[in-house]
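To start, the structure under review is shown below, and the notes come after it.
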Amino acid sequence: MSTREPLVLGIESSCDETGIGIVRGAQLLSNTISSSMEEHVRFGGVIPEIASRAHLDAMIPALKAALAEADITLDQVDAIAVTAGPGLAGALMVGVSAAKALAIATGKPLYGINHLVAHVGVGLLEDNGTEDGSDLLANAGSGGLGALLVSGGHTEILQVRDITSDVRLLGATLDDAAGEAYDKVARLLGLDYPGGPAIDRAAAEGNRNAFVFPRGLSNRKFMGTAEEPGAHRYDFSFSGLKTAVARVIESFEAAGEEVPVADIAASFQEAVVDVITKKAMLACREQGMKTLLLGGGVAANSRLRELLAARCASEGVRLIIPKFTLCTDNGAMVAALGARLVAAGREPSGVDFTTDSSLPVTTVCF
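Dropping the structure here:
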């Protein structure tokens with residue numbers, strides 16, 4: 001096996017996307033994604049049992065498509081990487097079972113990797129939609145690379161000095177993830193699922209200053225100071241925001257007045273992206289991180305991109321946003337992290353590891 005340019009197949013099944021990616025070193029060869037999102041629309045959210053069944057149905061076709069696109073066979077693969085956590089337990093089990101079966105059948109080494117760290121790994125690919133490519137981590141500086149991950153299941157700020165061994169969680173949501181809050185508020189406003197795109201569209205017609213909604217964990221009690229940081233200085237909370245939106249909607253309905261959907265959507269969105277970008281900038285400033293990677297499905301949000309770009313420019317922080325297909329859950333990010341682990345000489349996980357739906361970000365690989 002070559003440790004310079006390892007050829008790695010990655011499998012992702014943590015939520016509702018079945019992703020198979022193939023990477024040679026830092027070069028992306030294929031990235032096949034099969035989503036079951038349409039099957040969850042009528043429920044207004046992801047149903048774990050439906051997602052797991054969809055993974056079972058999509059796994060083999062997605063694998064065949066990825067191998068065909070990369071123009072390789074399984075025999076040529078040097079290693080297999082799979083998301084072992086965090087994520088939905090049943091969905092993770094499908095991907096891990098498939099990866100173990102492939103590893104046993106082919107004799108290839110297997111790496112059970114962390115889904116969140118993989119979101120950072122995709123930013124190290126050469127063809128990631130940015131101009132920086134795989135030099136991203138090498139040029140990050142002594143403070144390491146910052147990563148802001150915003151999705152339906154996760155909202156975190158990470159500090160990455162070595163993607164194979166030194167990843168630190170700086171802040172995370174204590175309740176709803178940002179994307180989850182979008183889905184819940186969209187339901188309250190009578191908008192479509194998924195809520196992120198629906199609210200983003202509605203907000204474009206609204207006044208973001210029409211309502212002042214709370215910015216969770218942003219007062220001195222939780223933030224503390226630079227000299228005496230509070231316990232939740234970089235953390236997020238969106239459950240109170242969701243409740244505040246519900247109260248405003250109820251007040252209009254009780255008065256028999258039309259609910260100003262666009263204004264509420266715009267004001268809600270502003271509250272979310274304001275606190276996310278402020279805390280991300282605070283973490284970059286205080287931890288000496290000069291480069292910030294944005295990942296996760298909510299990275300597609302127009303206001304988040306706009307405000308984060310403005311605040312990064314003001315702080316002198318280089319902002320990296322991979323192309324959208326690499327921001328959402330995908331197999332390429334799993335393969336990319338796997339390739340880094342192989343190149344670094346990390347021992348494979350073997351086939352005895354189990355899935356962990358709450359795998360801590362400090363565990364890069366089993």
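The opening position of the sequence shown corresponds to residue 1 in full-length UniProt numbering, with each subsequent residue numbered one higher. Heads up, the beta-carbon is just placed ideally off N, CA and C, and yes, glycines get one too. Predicted model, so just to flag it, every value in this text is computed and none were measured.
When you compare only the Cα positions, how much space is there between residue i and residue j?
i: Ile60; j: Ala299; result: 29 Å
i: Leu125; j: Ala336; result: 7 Å
i: Gly295; j: Pro322; result: 7 Å
i: Ala280; j: Ala266; result: 21 Å
i: Asp71; j: Asp78; result: 15 Å
i: Leu136; j: Gln287; result: 17 Å
i: Gly153; j: Ser357; result: 11 Å
i: Lys184; j: Phe43; result: 12 Å
i: Ala138; j: Glu253; result: 55 Å
i: Ala226; j: Ala68; result: 53 Å
i: Pro348; j: Cys365; result: 9 Å
i: Ala210; j: Pro260; result: 10 Å
i: Met1; j: Gly224; result: At Met1, the pLDDT of 43 sits below 50, so the modelled position is not reliable; the number obtained from the coordinates is stated separately. Their Cα atoms are separated by approximately 50 Å.
i: Ser239; j: Tyr182; result: 11 Å
i: Thr130; j: Ala89; result: 33 Å
i: Leu319; j: Pro360; result: 25 Å
i: Phe353; j: Val41; result: 33 Å
i: Arg168; j: Lys108; result: 30 Å
i: Ala283; j: Arg161; result: 14 Å
i: Arg305; j: Thr328; result: 15 Å
i: Ser30; j: Glu250; result: 48 Å
i: Cys312; j: His232; result: 22 Å
i: Leu149; j: Val120; result: 9 Å
i: Gly112; j: Ile50; result: 23 Å
i: Glu258; j: Glu228; result: 46 Å
i: Gly87; j: Asp175; result: 15 Å
I'd like the span of the alpha helix (DSSP H) that includes residue i, first residue to last.
i: Val82; result: No alpha helix (DSSP H) contains Val82, which is instead part of the beta strand (DSSP E) from Ala79 to Gly85.
i: Glu270; result: Val261 to Gln287
i: Arg201; result: Gly195 to Ala203
i: Asp183; result: Ala178 to Leu188
i: Val342; result: Gly331 to Ala343
i: Thr325; result: Phe324 to Cys327
i: Ala309; result: Ser302 to Glu315
Just list the residues that DSSP pairs residue i with in beta bridges.
i: Ile33; result: Gly19
i: Phe236; result: Thr173
i: Cys365; result: Ile113
i: Ile72; result: Note: Ile72 sits in no beta bridge, so no partner.
i: Arg168; result: Gln159
i: Arg24; result: Leu7 and Gln27
i: Pro229; result: Gly224
Compute the beta-carbon to beta-carbon distance between residue i and residue j, rounded to the nearest angstrom, for a pair I have assumed lies under 8 Å.
i: Gly297; j: Gly179; result: 6 Å
i: Thr83; j: Ala118; result: 7 Å
i: Pro48; j: Ala343; result: Actually they are not in contact, since the Cβ atoms of Pro48 and Ala343 sit about 34 Å apart, beyond 8 Å.
i: Leu170; j: Leu188; result: 31 Å between Cβ atoms; not a contact.
i: Gly196; j: Asn301; result: 6 Å
i: Gly45; j: Thr355; result: Actually they are not in contact, since the Cβ atoms of Gly45 and Thr355 sit about 21 Å apart, beyond 8 Å.
i: Ser52; j: Ala26; result: Not a contact, Cβ separation roughly 32 Å.
Which same chain residues end up closer than 7 Å to residue i when comparing Cβ atoms and leaving out the 5 residues on each side of it in sequence?
i: Ala198; result: Ala186, Leu191 and Asp192
i: Asn207; result: Asp263 and Ala266
i: Thr363; result: Asn114
i: Arg215; result: Ala271, Asp274 and Val275
i: Phe213; result: Leu241, Ala244, Val245, Ser267, Phe268 and Ala271
i: Thr164; result: Arg340, Leu341, Ala344, Arg346 and Val364
i: Ala98; result: Ile11 and Met59
i: Gly95; result: Ile11, Glu12, Ser13, His55, Val82 and Thr83
i: Arg285; result: Glu315
Taking the beta strand (DSSP E) that residue i belongs to, which residues open and close that run?
i: Asp159; result: In the sequence on display, residue 159 carries Gln and not Asp. Per DSSP, Gln159 belongs to the beta strand (DSSP E) from Thr155 to Asp162.
i: Gly146; result: Leu145 to Val150
i: Leu92; result: Where Leu92 is concerned, there is no enclosing beta strand (DSSP E), although the alpha helix (DSSP H) it sits in stretches over Ala89 to Thr106.
i: Arg318; result: Arg318 to Ile320
i: Leu9; result: Leu7 to Glu12
i: Leu292; result: Thr291 to Gly295
In chain order, what residues of the same chain lie with their CB nearer than 6 Å to the CB of residue i, ignoring the 5 residues before and after it?
i: Thr155; result: Thr173, Ala177, Ala178 and Phe236
i: Gly10; result: Gly21, Ala81, Gly331, Val334, Ala335 and Gly338
i: Ala140; result: Thr291
i: Thr32; result: Ile20, Ala62, Ala65 and Ala66
i: Leu308; result: Thr277
i: Arg24; result: Glu5 and Leu7
i: Leu74; result: Thr106
i: Tyr234; result: Ile157, Leu170, Gly171, Lys279 and Ala283
i: Leu217; result: His232, Asp235 and Ser237
i: Arg303; result: Gln269 and Val273
Excluding the five sequence neighbours on either side, which residues of its own chain have a C-beta within less than 8 Å of the C-beta of residue i, listed in chain order?
i: Val351; result: Lys100, Ala103, Ile104 and Leu110
i: Arg220; result: Gly230
i: Asn128; result: Leu28, Val122, Pro322, Lys323 and Leu326
i: Ala54; result: Asp16, Thr18, Ser34, Ser36 and Glu39
i: Met289; result: Ala140, Gly141, Gly143, Gly144, Leu145, Gly146, Gln159, Ala283 and Val317
i: Ala202; result: Leu189, Leu191, Val261, Ala262, Ala265 and Ala266
i: Phe222; result: Gly230, Ala231, His232, Arg233 and Asp235
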